[in-house]
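There are 4 protein chains.
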Amino acid sequence: MTDARLPVAVLGATGAVGQTFIRLLAGHPWFRLAEVAASERSAGKTYADATRWIEGTMPSEAAALVVTTCDPERVRSPLVFSALDATAAADLEPRFARAGRFVLSNAKHFRMEPDVPLVIPEVNASHLALLDAQAARGWTGGVITNANCAATVVAMALAPLHAAFGVRELFVATMQAVSGAGYPGVPSLDILGNVIPYIGDEEPKLEREMQKMLGTLRGSAVEPAPFVVSAHANRVPVEHGHTAACSVRFATKPTPAAARAALEAWTGDPVVRGLPSAPARPLLVSDAADRPQPRRDVMAGNGMTVTVGRVREDNLFDLRFVASGHNTIRGAAGGSILNAEVLAASGRLPWRPPAGA
Amino acid sequence: MTDARLPVAVLGATGAVGQTFIRLLAGHPWFRLAEVAASERSAGKTYADATRWIEGTMPSEAAALVVTTCDPERVRSPLVFSALDATAAADLEPRFARAGRFVLSNAKHFRMEPDVPLVIPEVNASHLALLDAQAARGWTGGVITNANCAATVVAMALAPLHAAFGVRELFVATMQAVSGAGYPGVPSLDILGNVIPYIGDEEPKLEREMQKMLGTLRGSAVEPAPFVVSAHANRVPVEHGHTAACSVRFATKPTPAAARAALEAWTGDPVVRGLPSAPARPLLVSDAADRPQPRRDVMAGNGMTVTVGRVREDNLFDLRFVASGHNTIRGAAGGSILNAEVLAASGRLPWRPPAGA
Amino acid sequence: MTDARLPVAVLGATGAVGQTFIRLLAGHPWFRLAEVAASERSAGKTYADATRWIEGTMPSEAAALVVTTCDPERVRSPLVFSALDATAAADLEPRFARAGRFVLSNAKHFRMEPDVPLVIPEVNASHLALLDAQAARGWTGGVITNANCAATVVAMALAPLHAAFGVRELFVATMQAVSGAGYPGVPSLDILGNVIPYIGDEEPKLEREMQKMLGTLRGSAVEPAPFVVSAHANRVPVEHGHTAACSVRFATKPTPAAARAALEAWTGDPVVRGLPSAPARPLLVSDAADRPQPRRDVMAGNGMTVTVGRVREDNLFDLRFVASGHNTIRGAAGGSILNAEVLAASGRLPWRPPAGA
Amino acid sequence: MTDARLPVAVLGATGAVGQTFIRLLAGHPWFRLAEVAASERSAGKTYADATRWIEGTMPSEAAALVVTTCDPERVRSPLVFSALDATAAADLEPRFARAGRFVLSNAKHFRMEPDVPLVIPEVNASHLALLDAQAARGWTGGVITNANCAATVVAMALAPLHAAFGVRELFVATMQAVSGAGYPGVPSLDILGNVIPYIGDEEPKLEREMQKMLGTLRGSAVEPAPFVVSAHANRVPVEHGHTAACSVRFATKPTPAAARAALEAWTGDPVVRGLPSAPARPLLVSDAADRPQPRRDVMAGNGMTVTVGRVREDNLFDLRFVASGHNTIRGAAGGSILNAEVLAASGRLPWRPPAGA
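In order, the protein sequences belong to chains A, B, C and D. FYI, my numbering numbers position 85 of the first sequence as 1468, with every residue one higher than the one before it. FYI, my numbering numbers position 335 of the second sequence as 1718, with every residue one higher than the one before it. FYI, my numbering numbers position 10 of the third sequence as 1393, with every residue one higher than the one before it. FYI, my numbering numbers position 91 of the fourth sequence as 1474, with every residue one higher than the one before it.
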């Protein structure tokens, strides 16, 4: 019996986000992990030998794959998940796009390019139409990016509120998990029993990426949502899960009850419904006085649901709340996979999901 | 040879803040720990037997003291440090004040009373003049309070900025240590590898106490500083040290350089200079990109110095910075002791510090 | 359509182990959570109102149940999972047994009684025959205990080694998770960034319970395995998962390879195979130099598999290794449920599992 | 006024142990930090620029020093503290010794060489006589080593017991702080909420170094103490402080009371008494049921005192206890400095401590 699934590759497969891709792709109903690529240093080894696996047990379908270099001549899968860092991505992702591959990128390099979709599918799947404009670059495939992990969590909570009330100003203070820094990442001597009130280049991303995601597609360009963000990014001794305390001013001030209702009603773009990685609900609203909490809520919806709590009035702006979500699943690998599922479901890939799926 | 030091008592001596008092009073040059008081359950036992000591080694001068109940008939010291909780404080502290004792209180009960000074001595030692108004309560002694531990840390950073530029609006997101919840306090199952985005009754304190401390004494009343605070209080897995991310709007917008200069120049009310518990500098300004950090900066100035860093422009308001300080030293027991030293130095106690001290 | 599952009750349902029972019983194919019981203080409230839920989201089948007291007149289920502490268990569990119920107990009270089975089903399901002797107590039901959580983890690793080589002496140093102390349990001020080299009454359990479990049923009594244990029990800042460093002397010294082979080959008593809560393998042997690790291995086999690693020669005894397992699943609630499944499968309950199950 | 202190250098000054040297040498009464040396990459920069300072605030006497390479032609101080790793030490430390310098080494390379003293001064200061034998290597200075940090903590606790009762067999399970791995050292993703039951090359050191330290100097060689060690080394999420659970068999079995008495009476070699870095007592014995604990006891004696607790009988051997001490102070930099003070006090350096010091 043949495997009718679409063969896919992971670039940067040995790192922390790469490993999350491997974990989430194991047993995926549509995509078959066919290739793993990493740096020269790893090439030629089995994935098991090349990788210091940092979570649970390595999936058997990955262990025996031989690592190749990140070269479109060697990596042949039409769908490519990229866990490359920004520098490597700048060089390699276009080569794959030019070679006709669809690259789901986690790097910041192309996020703010006008013709590159920056997508959380429940929020702005329609922005995938920007892909058509990439032909002008000579790309027969394309690059689709997801946002910074903390920006993703906050943007999901803002999406229904922005639609209903118009976000104008946002203060956000994040408390971010160490897995956001990759592996080896944050030294334990820096973070045990400590807070680091700084994450390199994180605040600028939090201050500009959400406007693009919550923006409006006009022709072949996205008009950013007209709001200003002031961000304080902090690292805390948490394994997974970014938490964000938010104060928001809107065009139309909602009552906390109205805001809550908007959050609870939101199911996101219908194109996402029923996709393999889509959670039952993209947002959960908690009634508890002290939730969301990263350790307790991070795995809601298998890591794809953002939990929002403490929805209340603000003394200075209109509304305060706390949002928390999984940074390496919803905020990275899981988000990319869901993006790819939307691509497949909407006919943008040279492959169709099974009928009835 | 007689001990010329002033005998002092600690109420609530067996709890977490009480223990910090005991630790800081050991070997104090002016004050001699003479009495320890706690609940009925502990009364009659030695302090060593009554106390589950939670830090380092119990000072020998405390171990053999016999615990009494919190009754001004039994506790005879003229100066009384109170680590009582709000409910017990409401009842017991006035009894001590009526009996002629000066009570340095850490409870919230009297903080916002118009005739009760809420004091960080470098910030508003002048407010101690409110004590005179307490005679109207029939108190021959008096009650002096210190603020909520997180409010104390932020107020110290704001003090020189308010003096120079006039605080008008403040967003503050705190990341607070577990010792702020006392002992046993926060269960480890709640906080290991986690963030709790809620601390009971903490945000209201952060939203009103700073205005009183930064307010202006007019006759026998304090006119609060005219600013509004929006607070997000979070618990993080840190032992000691509260950290606060702040965004501030001022009457007059300062450049970050001007704000930094004001912070660095500040030495606080001169009455504090040279007191036994006064740090060389009440504020330290850090140049490092990633400071202050609680574990690394909490013991600056023996826990009495607040460290400020990341002074920079804000996208929405005027200025952003991070402040961090020791919650049970500067924010509780150490603050009370420094308040008492000011009382002694300014002649308000029936005892004078040694000449040349 | 009727629910053919056996109605079951949880005693002590609001505590930490009680909650783990609730979580594991949600959706159980054989057992239907029908009743929750706790102290007077909780009785009459819904489970949702009575419980400070400490993990993820409370299962909906539990939330609306009304809590009753732990009284066999009120709790009618024939199968009763007990998360009571030793004192309460001493009084209440016999009342349920006398009333014809089968009580799966986690308390230490009855563990060492000659007529009470102390069971890890893969290890000594045959000991369930002791139940017959409980008739002499006037019990028409019975009490089945599981062992101390750390003793359970070590006993599982020892079982195949004892069978093959005969354990004679064991040094064991444990590093135990905070969830072993229940909720609120260990204060965070005690354990953040710390080790507590003492757990009350833990070492005696580690030193006597394993011999009973690895002992031999002779008629209606268990002859304990003839070995001596020296235990060092330590608490570490880990959420779930007890880890034990072991040095063992055997009657017949095995090579590390032979020991490894015995561990890998072991599948336990065949009666367990295919039961709903039985893991694919009770033991996993890791090749990695630095495994098992509690955070990474605790959920092996859904928390029912013990992971063993670092199998190597000992300088003083014969063999060294490290074992790690989930203390509230395999070591408590999950172990009890598996015991109950064995009871059901072996016809000791007034209920039969569905054919083909 | 001239500084009469002896100029000293630190090799490997920018790393974690190097930084501890810098911290402990700041304000040292005998030694003046004159030179800092590190790798080529740092050479030419100021110490402040070359170093990612990981604890508190960098001492001002170090900040402006210009880093040189680890070359005896450039580093001229007669006394050299080495925080080099084993590979670098193997090459560089002999060059300094040959150039007439006294090198206090923390690396394992020379520890087991017959003519190299491996010294904890309270335990075996007499072994410094081995230095005379180093002339045969053509060294006009010499190399003095301290032991592995965990071995140091255990050896101090064993010293009085070995003297009184003769250690024959030792089981030791350690729980070691992350600072033992240097900086960046242990990734936070590896150790947050986790235990790693393996530390590379640690168990072999624990199994052989103590016998040399507790051995007997016979002529120009040390006859190792005749005991065998079985070690289990574990990493735990603790910042500083290694804790060791020990079970010991002796030539003469002591009662726990006798063992306790021996531990309490011990003050170590009298040559150490009154030295600047010598603690009032090298060992503290705790009565508390749950001590020593690393976070609470690590700074006993400014990090130079080892705390011992839970002295009790063992089921298999003779005695059990727990020892805990500071791994980077007593177990590394502080130990080296105390060794150097003994050298100075005993006239082995070309410098004399001030009379009356």
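Glycine residues also receive a C-beta, built at the ideal position from the N, C-alpha and C atoms. It should be emphasised that the depicted structure is a prediction, and the values quoted were computed from it without experimental measurement.
Quick one, are the C-beta atoms of residue i and residue j less than 9 Å apart?
{"i": "residue 1605(A)", "j": "residue 1497(A)", "result": "yes"}
{"i": "residue 1540(A)", "j": "residue 1699(A)", "result": "no"}
{"i": "residue 1392(C)", "j": "residue 1463(C)", "result": "yes"}
{"i": "residue 1569(C)", "j": "residue 1620(B)", "result": "no"}
{"i": "residue 1452(C)", "j": "residue 1423(C)", "result": "yes"}
{"i": "residue 1478(B)", "j": "residue 1454(B)", "result": "yes"}
{"i": "residue 1659(B)", "j": "residue 1411(B)", "result": "yes"}
{"i": "residue 1507(D)", "j": "residue 1407(D)", "result": "no"}
{"i": "residue 1501(D)", "j": "residue 1530(D)", "result": "yes"}
{"i": "residue 1654(B)", "j": "residue 1562(B)", "result": "no"}
{"i": "residue 1465(B)", "j": "residue 1417(B)", "result": "no"}
{"i": "residue 1415(B)", "j": "residue 1442(B)", "result": "no"}
{"i": "residue 1514(D)", "j": "residue 1394(D)", "result": "no"}
Quick check on the DSSP output: the beta strand (DSSP E) that includes residue i runs from which residue to which?
{"i": "residue 1390(A)", "result": "1389 to 1394"}
{"i": "residue 1527(D)", "result": "1525 to 1528"}
{"i": "residue 1537(A)", "result": "Counting along the chain, residue 1537(A) falls outside any beta strand (DSSP E), though it belongs to the alpha helix (DSSP H) covering 1532 to 1548."}
{"i": "residue 1464(B)", "result": "1462 to 1465"}
{"i": "residue 1667(D)", "result": "1666 to 1668"}
Per DSSP, which residues does residue i bridge with? Please list them.
{"i": "residue 1493(B)", "result": "Answer is none; residue 1493(B) lacks a bridge partner."}
{"i": "residue 1629(B)", "result": "1555(B), 1704(B)"}
{"i": "residue 1813(B)", "result": "The structure shown does not extend to residue 1813(B), since chain B is modelled only from 1384 through 1740, so no value can be given for it."}
{"i": "residue 1692(B)", "result": "1705(B)"}
{"i": "residue 1579(C)", "result": "1618(C)"}
{"i": "residue 1610(A)", "result": "Answer is none; residue 1610(A) lacks a bridge partner."}
{"i": "residue 1601(D)", "result": "1604(D)"}
Using a cut-off of 8 Å between C-beta atoms, extract the partners of residue i located in chain A.
{"i": "residue 1622(D)", "result": "1572, 1575, 1576"}
{"i": "residue 1682(C)", "result": "1439"}
For residue i, return the contacting residues in chain D, with the cut-off set at a CB-CB distance below 8 Å.
{"i": "residue 1562(A)", "result": "1572"}
At a CB-CB cut-off below 8 Å, which residues of chain C make contact with residue i?
{"i": "residue 1438(A)", "result": "1679"}
{"i": "residue 1615(D)", "result": "1556, 1628, 1630, 1703, 1705"}
Considering residue i, what are the terminal residues of the alpha helix (DSSP H) in which it resides?
{"i": "residue 1479(B)", "result": "1469 to 1481"}
{"i": "residue 1385(D)", "result": "That residue, residue 1385(D), is in no alpha helix (DSSP H); it is neither H nor E in DSSP."}
{"i": "residue 1421(D)", "result": "First-last for residue 1421(D): 1414 to 1421, but that is the beta strand (DSSP E), not the alpha helix (DSSP H)."}
{"i": "residue 1586(A)", "result": "1585 to 1596"}
Give the interface partners of residue i over in chain C, defined as CB-CB distance under 9 Å, in chain order.
{"i": "residue 1670(D)", "result": "What residue 1670(D) touches in chain C: nothing, since even the nearest Cβ is about 12 Å away."}
{"i": "residue 1423(D)", "result": "Under the 9 Å cutoff, chain C gives no residues; its nearest Cβ is about 32 Å from residue 1423(D)."}
In chain B, which residues lie with their C-beta within 8 Å of the C-beta of residue i?
{"i": "residue 1568(C)", "result": "1570, 1571, 1572"}
Anything in chain C within Cβ reach of residue i, meaning under 7 Å, just list it in chain order.
{"i": "residue 1579(D)", "result": "1673, 1676"}
{"i": "residue 1590(D)", "result": "1698"}
I want to verify the contact list: residues of chain B whose CB lies under 7 Å from the CB of residue i, in sequence order.
{"i": "residue 1611(A)", "result": "1698, 1699"}
Pair every Cβ in the stretch 1700 to 1711 of chain D with every Cβ in the stretch 1528 to 1540 of chain D, then say whether three or more of these pairs are closer than 8 Å.
A contact exists between the stretch 1700 to 1711 of chain D and the stretch 1528 to 1540 of chain D.
Contact the stretch 1606 to 1619 of chain B vs the stretch 1547 to 1565 of chain B: 3+ CB pairs below 8 Å
A contact exists between the stretch 1606 to 1619 of chain B and the stretch 1547 to 1565 of chain B.
Okay, do the stretch 1665 to 1675 of chain C and the stretch 1684 to 1695 of chain C touch, 3+ Cβ pairs below 8 Å being the bar?
Yes: the two stretches touch, three or more of their Cβ pairs being nearer than 8 Å.
Counting beta carbon pairs with one atom in the stretch 1715 to 1725 of chain A and one in the stretch 1394 to 1407 of chain A, are three or more of them shorter than 8 Å?
With a cut-off of 8 Å, the stretch 1715 to 1725 of chain A and the stretch 1394 to 1407 of chain A count as touching, because enough Cβ pairs lie within range.
Determine contact between the stretch 1633 to 1649 of chain A and the stretch 1718 to 1730 of chain A, defined as no fewer than three beta-carbon pairs at a distance below 8 Å.
These segments do not touch.
Touching by the beta-carbon criterion (3+ pairs, under 8 Å), the stretch 1678 to 1687 of chain B and the stretch 1623 to 1634 of chain B:
The count of Cβ pairs closer than 8 Å, one atom from the stretch 1678 to 1687 of chain B and one from the stretch 1623 to 1634 of chain B, reaches three, so the stretches are in contact.
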